[in-house]
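Notes to accompany the following structure.
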Amino acid sequence: MNIGIDKMSFYTPAFYVDMVELAEARGIDPNKFTIGIGQDQMGFAPLSQDAVTMGANAALNMLSTDDIAEIDLVIFASESGIDHSKAGAVYIHRLLGLPKNCRAIEFKEACYAATAGLSYARNHVAAHPTKKALVIGSDIARYGLNTPGEPTQGAGAVAMLVAAEPRLLVLNDDNVYLTDDIMDFWRPLYSETACVQGKYSTEQYIRFFNDVWEQYQANTKATLVDFAALCFHLPYTKMGKKALDTIIETASPEKAEALMAYYQLSTKYSRQIGNIYTGSLYLGVLSLLEHDETLMPGDRLGLFSYGSGAVGEFFSATLAPDFRKQLYTTAHAAQLQARKQLTIAAYEDLFVASLPTDGSTYQIDDSLDQAPIKLTGMSEHMRLYTNKSC
Ligand code: HMG
């Protein structure tokens, strides 16, 4: 029995910051952001969107009534979750109207957690083939104003429906993983922004990639020839290229050119949205599939997932016979097209806006946010969510 991703979609909030304007405001050559880092725009979440609402919005439009009836597991993977105790998946379960007899849990390990969620979901469907599992990676990446990490912020979510005989991507169960306790990036419980040793984190990303790729080759005897394309976790679009550059010379010049061209297609959404942490690798896969016209059913994709701290994983997925019918290319283009650009002053104001922490009642001004699922306010330490589509 094949198991894998039957449907996959993303959501990013209605606002973005232009990277040329951000560079100019910071007194930096814009080429550093657009070429050196490889980002054109940065998605920004207003107070009315948090990791829960973004995750629910990502899943909302791709789920049919039949899908919803068959889901008995929802996994919310996030490092910007909203509660130390209650799983974000429980809110999403209600907002999406998932069945009562459903397991709802939250996974954490930096940007890697959705990959762990996918494996858990795969095993769940293997044991219960008539059931489906919803895996959501959703995050807001915040490093702070005027920090080196600022151009690598972003916001968004990817939702994946895992099922038997999937129509998009078959997961090949060939995963190779690596854990090592390092301090490249972390966020203490008391902090709204991440701590990061930037240069060290990029070195560790590459070390983890090289390690799991080598082990994958040893386990499977596969080489680059066996992959149509490789997709990477994309904290910024230059990062995956740095990793790919370390192995590309093992391919023929023609193969290297093809892999690099596919890599560029896999970065198009991230260039406009920025780092979405847990969903980032999967946003890259969507970007590749929704911008490419040449990949064929049966083609194998190699996927590298990395979460600081750190855990890395390399695994492969095979394109299903009718994979193109499972894509939401037009809807995703419309979503990006409809976003509004923030001035740098507006972005800075919104960046420091925060919700009350004293239990008082607070109503969020969400008039510019047209998303169906929103956070409307807080009362008595509880977040108030609405889904206007039901
Ligand atoms: P920085 O130190 O300000 O930048 O921060 P830099 O000086 O290294 O320059 C960046 C690139 O721009 C360099 O290219 C420069 O040469 C180039 P490279 O040598 O890397 O190829 N450059 C220019 N190019 C054209 N024209 C110019 C120009 N000037 C410079 N005028 C850094 C960069 C990424 C470190 C910073 O943004 C940062 O700390 N970001 C956050 C950490 C991060 O994203 N790390 C990635 C690996 S860790 C990871 O992926 C996990 C993560 O997603 C979190 C999680 O798992 O949860 C982050």
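At position 232 of the sequence shown (counting the first as 1) the number is 262 in the working numbering, and the numbers step up by one without a gap.
Every residue, glycine too, gets a C-beta built ideally from N, C-alpha and C.
Here the structure is a predicted model, which is why all the values come from computation and not from measurement.
Ala368 Cβ short of 7 angstroms to the ligand HMG heavy atom set: False, no ligand heavy atom lies under 7 angstroms from that Cβ.
Whole-angstrom distance between Asp36 and Glu136, CA atom to CA atom: A straight line joining the alpha-carbon of Glu136 with that of Asp36 spans about 21 angstroms.
Beta-carbon proximity list for Tyr173, same chain, < 8 angstroms, skipping 5 on both sides: Excluding residues within five positions, the ones whose Cβ falls inside 8 angstroms are Gly179, Glu180, Thr182, Gln183, Thr223, Ala224 and Val226.
Gly228: CB within 7 angstroms of a non-hydrogen atom of the ligand HMG: Within the cutoff, so yes.
Whole runs of the beta strand (DSSP E) within the segment 173-226, excluding any shorter than 3 residues: Secondary structure within the segment 173-226: the beta strand (DSSP E) runs of 3 or more consecutive residues, fully enclosed, are 184-194, 199-201 and 206-209 (chain order).
DSSP bridge partner residues for Glu136 (one or two, in chain order): DSSP output for Glu136 lists Phe106 as bridge partner(s).
Ala286: CB within 7 angstroms of a non-hydrogen atom of the ligand HMG: Not a single heavy atom of the ligand HMG lies less than 7 angstroms from the C-beta of Ala286.
Separation of Asp275 from Glu284, as counted between CA atoms: In this model, Glu284 and Asp275 are separated by some 15 angstroms (Cα to Cα).
Opening and closing residue of the beta strand (DSSP E) in which Val165 lies: First-last of the beta strand (DSSP E) with Val165: Lys162 to Ala171.
Check: Lys138 C-beta below 7 angstroms from any heavy atom of the ligand HMG: No, the beta carbon of Lys138 sits no closer than 7 angstroms to any heavy atom of the ligand HMG.
Identity of the residue in Asp169, Ala151 and Ala171 nearest Ala163 by Cα: Of the candidates Asp169, Ala151 and Ala171, Ala151 places its Cα closest to the Cα of Ala163.
Own chain partners of Met190 with C-beta closer than 6 angstroms, once the 5 adjacent residues on each side are dropped: Excluding five sequence positions before and after Met190, the CB atoms of its chain that fall closer than 6 angstroms to its own CB belong to Ile35, Met38 and Val165, given in chain order.
Contacts around Pro351, its chain only, beta-carbon distance under 7 angstroms, and the 5 residues preceding and following it disregarded: Result list for Pro351: Pro327, in chain order.
Cα-Cα separation between Arg369 and Glu410, rounded to whole angstroms: Arg369 and Glu410: Cα-Cα distance of roughly 32 angstroms.
Reference Ala88, options Thr253, Tyr293 and Ala361, closest by Cα: Out of Thr253, Tyr293 and Ala361, Ala361 has the C-alpha closest to the C-alpha of Ala88.
Cα-Cα separation between Arg413 and Leu405, rounded to whole angstroms: Going from the Cα of Arg413 to the Cα of Leu405 covers about 7 angstroms.
Span of the beta strand (DSSP E) around Ile403: Here the beta strand (DSSP E) through Ile403 covers Ile403 to Ser409.
Complete beta strand (DSSP E) runs within the segment 328-359 (minimum length 3 residues, chain order): Counting whole runs of 3 or more residues, the segment 328-359 contains the beta strand (DSSP E) stretches 330-337 and 341-349.
6 angstroms CB neighbourhood of Tyr142 in its chain, flanking five on each side removed: Answer for Tyr142: Ser335, Gly337 and Val341, listed in chain order.
Reference Thr160, options Asp96, Ser168 and Gln365, closest by Cα: Per the C-alpha coordinates, the member of Asp96, Ser168 and Gln365 positioned closest to Thr160 is Asp96.
C-beta atoms of Met213 and Tyr235 nearer than 8 angstroms: Met213 places its beta carbon 8 angstroms or farther from that of Tyr235.
Integer Cβ distance of Gln400 from Ala44, believed to fall under 8 angstroms: Going by Cβ atoms, the distance from Gln400 to Ala44 rounds to 6 angstroms, so yes, they are a contact pair.
Exposure label - Cys261; buried when at least 16 CB within 10 Å: By the neighbour-count criterion, in which 16 or more other beta carbons inside 10 Å mark a residue as buried, Cys261 falls on the buried side.
Residue range of the unbroken beta strand (DSSP E) whose run includes Met72: Here the beta strand (DSSP E) through Met72 covers Gln71 to Phe74.
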